[in-house]
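Below is one structure; the comments refer to it alone.
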Amino acid sequence: MSDRRCAVCASPAASGCSGCHAVFYCGKPHQKAHWKQHKPACVPYKIAESPELGRHLLATRNIRPGELVLRNAPLVVGPKQFSDALCLGCLRPLGPSVHLCQCGYPMCSPQCAAAAVHQPECEATRRSGRRLEVDVTVSPNPHYQAVTVLRCLALRGTDAWRQLQQLQAHEQERQLSGRHAELDDHALQFLHYLGVDVSPQEVYQICGVLDVNGFEGPLHRAVGLYPRAALLEHNCSPNTTRTFEEDLTLVLRASVLIPKGSHITTSYADPLWGTDNRRYFLRQTKYFDCTCRRCADPTECGSELSSLRCPDCSDGLVRCTAPLEPAVPWRCSQCPRELSATEVVQIMQHIGEQLVNVEKGSVTAAETFIRDFTTVLPPTHFYMCDIKVRLAGSG
């Protein structure tokens, strides 16, 4: 907070505007005095509700590209259920030397071991009389599956807990899918192993809230719950971009002009994935079928992220004829050649397996992948984009 100054007198700030979290004050008198000036620039949205979308955000004025839409500190933040071993204080990967906390979790340093964010799992472990033995080489690591659930349970009886309870969990859909049952049960077993008083229903609900509403932080190391950001509507071509501050506060800015009355959107799937991958991910984790303009367009709004090279002609791109329909043929843009949906799935599975096996950090391996599949994938294909991003980070 030392770099935050009162908007009126420039003295160190003690609090901030609870609406936009972008302006700070030394106290209530200056906040009240500044309200008339600050009001037009405060949150540029309102919360609306509809039967189709539930609660969502609408722009209350034109929002300029790059303009701050919202800042949202997390209710809770912690490792994902599928997580490698990491420091539970700063949520960064562990280095070659670690500090072993009294509870048994490996940490970056004594400072991280004493961090407030680590205390729920640390105290629960020490109360149980057990000392964990964490093998940091195991991936994903089972000792981290329940940590964020435990941090959520530590909020019980607070306003943050009440906000968490208002978030959707899609419990029925998750139960029917069966996809998360084993993972949730492992979290429950671990909590009972530590003697935590919690019911299966509470664990399943919290796991659902984290699954449906969680935002992954930088480098996908952690997941956080952001109650205001959770109201953002999904779109595969969103009108905002999000970043994270050092303390994992989520910052949302307009990426294009957002006209007054427009829906404020974000993408819950990786924008650099192809349509089939995005829609599958959203169906499995957010429990809806995306039918946005990009998903419905065979060219993905001209990006050609999913298109394949035609095996018969040199200029054509093979695209799905109806991306929102299951098992439809793919057709070349320049010649009569068609591929069945099954053929495309087989091609993508084979190349995807090769991509997963590309050695991380190896320029040679990345270049070999590009050379091997350049006759099948155009430069715009999302697999090619993925490998080029890796190459850019190898320098």
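Residue numbers 1 to 395, in the numbering used here, belong to the letters of the sequence shown in order. We put the CB at the ideal spot given by N, CA and C, even for glycine. Quantities reported herein were computed from a predicted structural model and do not represent experimental measurements.
Among 32, 174 and 61, which residue has its Cα nearest to the Cα of residue 46?
Among 32, 174 and 61, the Cα nearest to that of residue 46 is on 61.
Please state whether DSSP places residue 320 in a helix, a strand or coil.
In the structure shown, residue 320 falls within a strand segment according to DSSP collapsed to helix, strand and coil.
Return the chain-ordered ranges of every beta strand (DSSP E) run that is complete within the stretch 279-326 and spans a minimum of 3 residues.
List check, beta strand (DSSP E) in window: 317-320.
Could you name the residues of the same chain whose beta carbon sits closer than 6 Å to that of residue 77, not counting the 5 residues immediately before and after it, in chain order?
Within the same chain, residue 77 has close Cβ partners 222, 224 and 248.
Minimum length 4: unbroken alpha helix (DSSP H) runs contained in the stretch 67-154:
Those alpha helix (DSSP H) runs which fall completely within the stretch 67-154 and span 4+ residues are 110-113, 119-127 and 147-153.
Boundaries (first-last residue) of the alpha helix (DSSP H) holding residue 392
It spans 382-392 - the alpha helix (DSSP H) in which residue 392 sits, taken as one unbroken run.
Within 8 Å, strictly: CB atoms of residue 125 and residue 194:
Yes, Cβ-Cβ distance for residue 125 and residue 194 is below 8 Å.
Determine the direct distance from the alpha carbon of residue 56 to that of residue 232, and round the result to whole angstroms.
Distance between the alpha carbons of residue 232 and residue 56 is about 6 Å.
Measuring CA to CA, which of 239, 17, 153 and 246 is closest to residue 191?
Comparing Cα positions, the closest option is 153.
Please report how far the alpha carbon of residue 227 lies from the alpha carbon of residue 72, in whole angstroms.
Approximately 8 Å between the Cα atoms of the pair.
Residue 170 - DSSP class collapsed to helix/strand/coil:
It is coil, neither helix nor strand.
For residue 143, I'd like the list of residues in its chain whose CB is within less than 7 Å of its CB, leaving aside the five on either flank, ordered along the chain.
When the five nearest sequence neighbours on each side are left out, the beta carbons in the same chain lying within less than 7 Å of the beta carbon of residue 143 are those of 132 and 134, in order along the chain.
Along the chain, where does the alpha helix (DSSP H) that runs through residue 160 open and close?
In the DSSP assignment, residue 160 falls within the alpha helix (DSSP H) that extends over 159-165.
What three-state label does DSSP hand residue 330 in the structure shown?
Collapsing the DSSP output to three states places residue 330 in a strand.
What is the DSSP secondary structure of residue 2, counted as helix, strand or coil?
Caution is warranted here: a pLDDT of 49 is assigned to residue 2, below 50, making its placement in the model unreliable, and no coordinate value can be reported.
According to the neighbour-count rule (16 or more other Cβ atoms, all chains shown, within 10 Å of its Cβ), is residue 1 buried or exposed?
A caution first: residue 1 carries a pLDDT of 40, below 50, which makes its placement in the model too unreliable to give a value.
If you drop the 5 nearest sequence neighbours on each side, which residues of the same chain put their C-beta closer than 7 Å to that of residue 289?
Closer than 7 Å at the Cβ level, and outside the excluded window around residue 289, lie 279 and 283.
Rounded to whole angstroms, what's the CA-CA distance from residue 364 to residue 375? Just pull it up for me.
Rounded to whole angstroms, residue 364 to residue 375 spans 19 Å at the Cα level.
Let me know if residue 74 comes out buried or exposed under the rule of 16 or more other beta-carbons within 10 Å of its beta-carbon.
Classification of residue 74: buried, given that the 10 Å Cβ count is 16 or more.
Would you kindly report the start and end of the unbroken alpha helix (DSSP H) that includes residue 28?
Run containing residue 28: 28-38, per the alpha helix (DSSP H) assignment.
Can you tell which of 26, 20 and 51 has its C-alpha closest to the C-alpha of residue 38?
Closest option to residue 38, Cα to Cα, is 20.
Excluding five sequence neighbours on each side, which residues of the same chain lie with their C-beta closer than 7 Å to the C-beta of residue 208?
Within the same chain, residue 208 has close Cβ partners 169, 170, 171 and 174.
Pair within 8 Å by beta-carbon distance, residue 98 and residue 106
For residue 98 and residue 106, yes; Cβs fall inside 8 Å.
Should residue 54 be labelled buried (16 or more other beta-carbon atoms within 10 Å of its own) or exposed?
Residue 54 should be labelled exposed.
Please work out which residues of its chain come closer than 6 Å, Cβ to Cβ, to residue 151, disregarding the five sequence neighbours upstream and downstream, and give them in chain order.
Same-chain partners within the cutoff: 76, 78 and 120.
Using only CA atoms, which one of 93, 145 and 237 lies nearest to residue 296?
For the options 93, 145 and 237, the alpha carbon positioned closest to that of residue 296 is the one of 237.
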